[in-house]
Structure formats: C-alpha cells, structure tokens
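Engineer: Following my numbering, the numbering of the sequence shown begins with 21 at its first residue and continues without gaps.
Idealized CB from N, CA, C, for every residue including glycine.
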Amino acid sequence: MLVIFLAIQMLGDKLMRKMFNIPKEYVNSHHRRAVWAIKILNTMMLMVIIIKGWILFTVIIGGYLVVSLFSSIFIDYYYGREEKRHYLSISSAIVGLLSLILFLFYIS
Numbered sequence: 021m022l023v024i025f026l027a028i029q030m031l032g033d034k035l036m037r038k039m040f041n042i043p044k045e046y047v048n049s050h051h052r053r054a055v056w057a058i059k060i061l062n063t064m065m066l067m068v069i070i071i072k073g074w075i076l077f078t079v080i081i082g083g084y085l086v087v088s089l090f091s092s093i094f095i096d097y098y099y100g101r102e103e104k105r106h107y108l109s110i111s112s113a114i115v116g117l118l119s120l121i122l123f124l125f126y127i128s
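(1) Kindly give me the distance between the Cβ atoms of Tyr-99 and Ala-27, rounded to whole angstroms, as I take these residues to be in contact under 8 Å.
(2) According to DSSP, simplified to helix, strand and coil, what is Arg-101?
(3) Out of His-50, Val-86 and Ile-69, state which residue places its alpha-carbon closest to the alpha-carbon of Gly-116.
(4) For a test of the three-state rule: what should DSSP assign to Ile-60, helix, strand or coil?
(5) Would you kindly work out how many angstroms separate the C-alpha atoms of His-51 and Asn-62, rounded to a whole number?
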C-alpha cells in the first residue's frame, strides 16, 4: 500500500514539473538550507510525537501534518515564486491527504 502511495506521489510530482516547467534543483543555497532545516525539524517533531506516545491523538497528528505541509508550501513560495514551485508543494499535499484518507478507509 505504501509503495502505491509513493508511486502516485512521484507521478503527481513529475506531472506538475512537466506541466509548469519546474526544474528539479534548488533556487539557491538559502532555499536548500531552508528545505533541509524544515525536513530535520519535521523529523525531530515526529520522533518526539512517537517517543511521547502522542501518536494516538488525532489532533496532534493533524497539527503535525498541517505544520509540515504549510512550512513546505511557504518555503517553496518564498524562494521559488517565479518558478511556481509552490504548486508542486500544494499538489503534493493534496495527493498526500487523499492517500491518507484512502489509507484510513482501508484499515477501518
């Protein structure tokens, strides 16, 4: 199931890059640093959530998803506004949320 979701995510990413002619590389070194900083912070937040046992609380998981999605969208909008990189983040968020909803229906 996870492989299918990742394949759909990669297909959506490739489609958006082709549609809006978005390059794969970072805009500049500050963009690369900001993206990696957000990835590290999101990973650390997820580790804290797992260690503290908050994984059962829907509100905390929802908050984590909102923070990680909006931080990614904001960084891509700030650094790659001319290249429309934020479209890539928004489409990735939509596909991810749809995948999460499908997964929740699948396991219930």
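Structural biologist: In short, the structure shows the following:
(1) The pair is not a contact, with the Cβ atoms about 28 Å apart (cut-off 8 Å).
(2) In the three-state scheme derived from DSSP, where H, G and I count as helix and E and B as strand, Arg-101 is classed as coil.
(3) It is Val-86 whose Cα lies nearest to the Cα of Gly-116.
(4) helix
(5) Computed Cα separation, rounded: 16 Å.
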